[in-house]
Structure formats: C-alpha cells, structure tokens
Amino acid sequence: MKIKMDFVSNSSSTSFVYISKEMISKEDFFGAAGVSADSPVASLFESMFYQLKSSIEQGETLQSIEEVDALEGKREFTSEVLDRMREAVKQGKTVTTGHLSSEECLAETVLCTEIFEIESERFYINAYDNYW
60 MKIKMDFVSN SSSTSFVYIS KEMISKEDFF GAAGVSADSP VASLFESMFY
110 QLKSSIEQGE TLQSIEEVDA LEGKREFTSE VLDRMREAVK QGKTVTTGHL
160 SSEECLAETV LCTEIFEIES ERFYINAYDN YW
C-alpha cells in the first residue's frame, strides 16, 4: 500500500477507481495493505474494508473506453490512471469509480483524508484525488 502525504485543500471527498475481475475480499484487502487479522489495527482496517466495498458497490461501472475517455481532463484521475482504466476495459476487467466522504464514519474519514493507491495481483485502487 502506498500512501502519499501531500497538501490537500478544504473539500471533504475523494474520488477513486477500483479495477478487478471480481469484488474485493477482506482477505485480499488485508493482504495488500499488509495487515494481519490479529493486528491491533485490524478492526479499523476491517471497517475500512467494508466501507470501501460499499462505496465500490454504489459506484459507477465504466463499460467502454468511451466512458473512460469522458473523464479525460477532469481532476479526478491522471492520464496514467485513465490509461490503466482503458487497458482494464479492453481486458474485460470491471472498472468502477466512486467517492468517499469525510462526513461519514471514522473508517471512511480515514480513507477520504489519505491519498492512497493499493495494487495487488487481484485488484487495483487509486484514490489520489483527495480534496480535503
């Protein structure tokens, strides 16, 4: 898991993209984040997992390259992330965009206020669009 610490502004939302062939599992999330089930922070990461999964389920699934292209020039995703989204669509993977808010539970607030990218063999999440 990479966490980028940087300047953030005065908004309270984060856009993210989730790319995978299937829905994220708690085990995969914990593995990619490097957290064991018996860790002192496991309960926070479990809450983060369920919040993230819920946000993915409520997100917008992009099914064509044209839908990805429509995001070009908006602040949510870099050109590198858009290229990755296009490639994922070509490969038949699910590409879902969603939002996190700092005005919800602690787990979602933590996810919202951190700029993060998680990459594993099974999924990719990019939440660099953080405006706080």
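According to my numbering, the sequence shown holds residues 60 to 191 in order. Glycine included, C-beta positions come from ideal geometry on N, C-alpha and C.
Just tell me which of 151, 85, 174 and 73 has its CA closest to the CA of residue 101. Considering only alpha carbons, the answer is 85.
Over what stretch of residues does the beta strand (DSSP E) that includes residue 121 continue unbroken? If you look at residue 121, you'll find it in the beta strand (DSSP E) that goes 119–121.
What is the DSSP secondary structure of residue 96, reduced to helix, strand or coil? In this structure, residue 96 counts as coil in the three-state DSSP scheme.
Out of 106, 154 and 118, which has the shortest C-alpha to C-alpha gap to residue 127? Measuring from the Cα of residue 127, the nearest candidate turns out to be 154.
Compute the Euclidean distance between the alpha carbons of residue 121 and residue 156, then round it to the nearest angstrom. Cα to Cα, residue 121 sits roughly 8 Å from residue 156.
I'd like the list of long-range same chain contacts for residue 183, defined as Cβ closer than 6 Å, with 5 residues on each side in sequence excluded. Result list for residue 183: 78, in chain order.
Going straight from the alpha carbon of residue 124 to that of residue 94, what length do you get? In this structure, the CA atom of residue 124 is about 34 Å from the CA atom of residue 94.
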